[in-house]
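Student:
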Amino acid sequence: EPEVTQTPSHQVTQMGQEVILRCVPISNHLYFYWYRQILGQKVEFLVSFYNNEISEKSEIFDDQFSVERPDGSNFTLKIRSTKLEDSAMYFCASHRDSNYGYTFGSGTRLTVV
Amino acid sequence: KNEVEQSPQNLTAQEGEFITINCSYSVGISALHWLQQHPGGGIVSLFMLSSGKKKHGRLIATINIQEKHSSLHITASHPRDSAVYICAVGAATNKLIFGTGTLLAVQP
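Going down the list, the sequences are from chains A and B. Mapping of the first sequence onto the working numbering: position 16 corresponds to residue 267, and the numbering continues sequentially without gaps. Mapping of the second sequence onto the working numbering: position 42 corresponds to residue 50, and the numbering continues sequentially without gaps.
1) With DSSP collapsed to three states, give me the class of E307/A.
2) Nearest to Q288/A by alpha carbon, out of F106/B, H81/B, G60/B, M56/B?
3) Is E252/A helix, strand or coil when you go by DSSP?
4) Does the stretch 274 to 287 of chain A come into contact with the stretch 15 to 26 of chain B, if we say contact requires no fewer than three beta-carbon pairs (one atom in each stretch) closer than 8 Å?
5) Of all the CB atoms in chain A, is at least one closer than 7 Å to the CB of K76/B?
6) Mind checking which residues open and close the beta strand (DSSP E) that includes I271/A?
7) Closer than 9 Å by beta-carbon distance: list the chain A residues that pair up with S38/B, in chain order.
8) For chain A, check one thing: does any of its Cβ atoms lie closer than 7 Å to the Cβ of S53/B?
9) Where does R287/A fall in DSSP's three states?
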């Protein structure tokens, strides 16, 4: 069964550093998302991406964050100048269209120290 | 107030018991999703439904659009069903709004 692949699975970074989280969505999917889950809390929407542009972003997704689909396969989330409160599990997800369910990646656990 | 409420937050059951997890939502939705999250953190989609009832193996999901309520049932529960079960609603924009999850522990 096709999978959404996320790398790395774990990342530890110093506060103030930039991190790039990578995702390879399923090839025939058209909608891509980043969600995050702070430890012990519910999953929160960050951003959705369709047709090579952001279609919606949450209040969390401020100027510190950016997304790209640089080569038609990878889908990246960049966090500039990381803060302690950015520590969370970040999930990439994709789906073909609104008639189909989501497929989630296994997540990247980001720890900012 | 949370847009998606789940109950109970925690549930302990004995192997073989019939389990029900409830979800209520307060926003307009395109579909409702039931997801499973294991201790390692990965999220698996169980059901996506916009009306009626769906069944997959021992899992059954129902939704009542008028009452804005959905239930996830597990028949003949097994310890391997232990996980966090999450209700999430699909907004018109396709993003998902998540509930806080129900931590299920099935004891042998």
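The beta-carbon is built from N, C-alpha and C at its ideal position, and this holds for glycine as well.
Tutor: Judging by the given coordinates:
1) On the first sequence, position 56 is the one that residue 307/A refers to. Strand, per DSSP.
2) The residue labelled residue 288/A in the question sits at position 37 within the first sequence. Closest by alpha carbon: F106/B.
3) As a first step, residue 252/A is located in the first sequence; it is residue number 1 there, counting from the start. Looking at E252/A - three-state DSSP - the assignment turns out to be coil, as it is neither helix nor strand.
4) no
5) Along the second sequence, one-based indexing puts residue 76/B at 68. It does not; no Cβ of chain A falls within 7 Å.
6) Within the first sequence, residue 271/A is the residue found at index 20, counting from 1. Its beta strand (DSSP E) spans residues 270 to 275.
7) Position 30 of the second sequence, counted from the first residue, corresponds to residue 38/B. Per Cβ cutoff of 9 Å: S349.
8) What you label residue 53/B is simply residue 45 of the second sequence in a count that begins at 1. Taking Cβ atoms only, chain A reaches closer than 7 Å to S53/B, which makes this a yes.
9) Indexing the first sequence from 1 puts residue 287/A at position 36. R287/A falls in the strand class under three-state DSSP.
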